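Residue numbers (full-length UniProt numbering): 1 to 436.
First up is the structure itself, then whatever we jot down about it.
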């Protein structure tokens, strides 16, 4: 088995010459089946029955099952890790020093803002504090996740918190499938795709993948947008990138990836309009939301102003982040922040290591954009692992290594890593009182 590369740099397996006879036999069987199916359709037409266009419903389900089957270990493994995580959270809540319940924890920190936004909608104006700074506002949060929560929470028997957690869990499973497909597309190996999805499931900061947070939804849309780019499904990629831009500002990294994918693709006249229409569409959601917030705040940079002056988040190129890494690893020694600093260092090492792998350029652009946005902003140092969750391709070199490990070792390793990640995230919230 050898391999070649697509227009986007994707490695695709190529059959060896010895397989040509078997392939010819398969083609003969397929041709015979096609003739048989055509004869049946002709007979039905003669009898006055018209075949429905496309696959019947049962056929669609069969096709979906066939497509899902290779990803099943990744998705089911992801859900098993989340189930273990809920047990860990429940146990820690029962023994926490700070009085709390599991529902309170699931909807805490950013979850409170998302739930408030789902309940009441956006603030109509920005309130100014006596010192001249804006008060914290729902205008800082993108609308995609909380509006889905509102719609699902309005169904009979649902409320917004249960809707939020359900959306997170479903989105996480969809994301695990998408991450699997990305890993498999790059490597040609189901085992690498599965390992990549499960590494994402147990990553530092993954506790929010079972809370009222938007990272799972964003990663789901982003992963499938990247799959569409690799397959050169331009309009699908554009629509998914547009959707991602309604969930988090990290959607800008996806816009850049799509623009690069469109630029380096083999020029085909019939695709040109679709490619650039997809790129134009993809940026409208993020840009439109930022402009709308600017109108509400009565200043063009309203969203960035709120992020900086109300939330303490501003882009400084990483000066603040790396200053804190040095401080906590060399001077302070605080265990919690030192572990976060180690995550930042590990991110840089994995980022460099990933360049030794054959990853298509658009996917590199996306990962680079997420890393720059996560580490290049000051403030919320403790949340850096969460900000890095959408950069799942950072774990690709580890996935390649893990794919060579025995399955029984992986079956023991991933639950332990998942328990550790959720334990640590819950410890941070219940013991130190910090946000994930």
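All residues carry an ideal CB built from backbone N, CA and C; glycine is no exception.
Since the model is a prediction, treat every value here as computed from it, not as a measurement.
Does the distance from the C-beta atom of residue i to that of residue j stay below 8 Å?
| i | j | result |
| --- | --- | --- |
| residue 365 | residue 391 | no |
| residue 305 | residue 290 | no |
| residue 422 | residue 207 | yes |
| residue 282 | residue 258 | yes |
| residue 307 | residue 125 | no |
| residue 209 | residue 168 | yes |
| residue 88 | residue 426 | yes |
| residue 385 | residue 335 | no |
| residue 237 | residue 244 | no |
| residue 174 | residue 184 | no |
| residue 90 | residue 102 | yes |
| residue 178 | residue 220 | yes |
| residue 395 | residue 350 | yes |
| residue 362 | residue 260 | yes |
| residue 313 | residue 378 | yes |
| residue 274 | residue 265 | no |
| residue 92 | residue 430 | yes |
| residue 84 | residue 415 | yes |
When the cut-off is 8 Å and only beta carbons count, does residue i lie next to chain B?
| i | result |
| --- | --- |
| residue 368 | In the structure shown, chain B cannot be found, because there is only a single protein chain. |
Using alpha carbons as the reference points, say which of the options lies closest to residue i.
| i | options | result |
| --- | --- | --- |
| residue 200 | 291, 418, 311 and 435 | 418 |
| residue 73 | 181, 382 and 236 | 181 |
| residue 434 | 355, 380 and 373 | 380 |
| residue 277 | 63, 217, 384 and 255 | 255 |
| residue 389 | 324, 213 and 188 | 213 |
| residue 216 | 82, 362, 378 and 420 | 82 |
| residue 163 | 112, 149 and 197 | 149 |
| residue 116 | 65, 137, 219 and 293 | 137 |
| residue 118 | 101, 152, 89 and 135 | 152 |
| residue 309 | 123, 127 and 56 | 127 |
| residue 288 | 142, 57, 105 and 78 | 142 |
| residue 197 | 113, 147 and 397 | 397 |
| residue 401 | 204, 337 and 187 | 187 |
| residue 357 | 383, 412 and 399 | 399 |
| residue 122 | 147, 226, 133 and 85 | 147 |
| residue 235 | 172, 376 and 272 | 272 |
| residue 139 | 410, 292 and 413 | 292 |
| residue 113 | 100, 145 and 84 | 145 |
| residue 311 | 56, 133 and 320 | 133 |
| residue 171 | 135, 247 and 299 | 247 |
| residue 120 | 154, 190 and 298 | 154 |
| residue 268 | 253, 249, 232 and 279 | 232 |
| residue 346 | 224, 405, 94 and 203 | 203 |
Assign residue i to one of three DSSP states: helix, strand, or coil.
| i | result |
| --- | --- |
| residue 134 | strand |
| residue 37 | Any reading at residue 37 must be qualified, since the residue scores a pLDDT of 42, below 50, and its modelled position is unreliable; the value itself is stated next. Residue 37 falls in the helix class under three-state DSSP. |
| residue 315 | strand |
| residue 80 | helix |
| residue 479 | In this structure the chain extends from 1 to 436, so residue 479 is not present and cannot be described. |
| residue 435 | coil |
| residue 108 | coil |
| residue 286 | helix |
| residue 56 | coil |
| residue 66 | helix |
| residue 100 | coil |
| residue 446 | The structure shown does not extend to residue 446, since the chain spans only 1 to 436, so no value can be given for it. |
| residue 93 | helix |
| residue 256 | helix |
| residue 366 | helix |
| residue 406 | coil |
| residue 414 | helix |
| residue 399 | helix |
| residue 421 | helix |
| residue 390 | coil |
| residue 426 | helix |
| residue 251 | helix |
| residue 305 | helix |
| residue 274 | helix |
| residue 204 | coil |
| residue 458 | Lying before the first or after the last residue shown, residue 458 is absent from the chain, which here runs from 1 to 436. |
| residue 310 | coil |
| residue 116 | helix |
| residue 300 | coil |
| residue 22 | The predicted position of residue 22 is uncertain, since its pLDDT is 39 and thus under 50; a value taken from the coordinates is nonetheless stated next. Note: residue 22 maps to helix in three-state DSSP. |
| residue 72 | helix |
| residue 261 | helix |
| residue 212 | coil |
Measuring from the CB of residue i, is there a heavy atom of the ligand NAP at a distance below 7 Å?
| i | result |
| --- | --- |
| residue 268 | Annotation note on the ligand NAP: not contained in the displayed structure, which lists no ligands. |
On the DSSP bridge assignment, give the partners of residue i in chain order.
| i | result |
| --- | --- |
| residue 128 | 134 |
Runs of 4 residues minimum, wholly inside the region 215–249: which ones carry the alpha helix (DSSP H) assignment?
215–230 and 234–244
Report the start-end ranges of each alpha helix (DSSP H) in the region 326–361 that is 4 residues or longer and not cut off at the edges.
335–354
Could you tell me which uninterrupted alpha helix (DSSP H) segments, each at least 4 residues in length, are contained entirely in the region 131–201, listed from first to last along the chain?
144–153, 160–187 and 190–201
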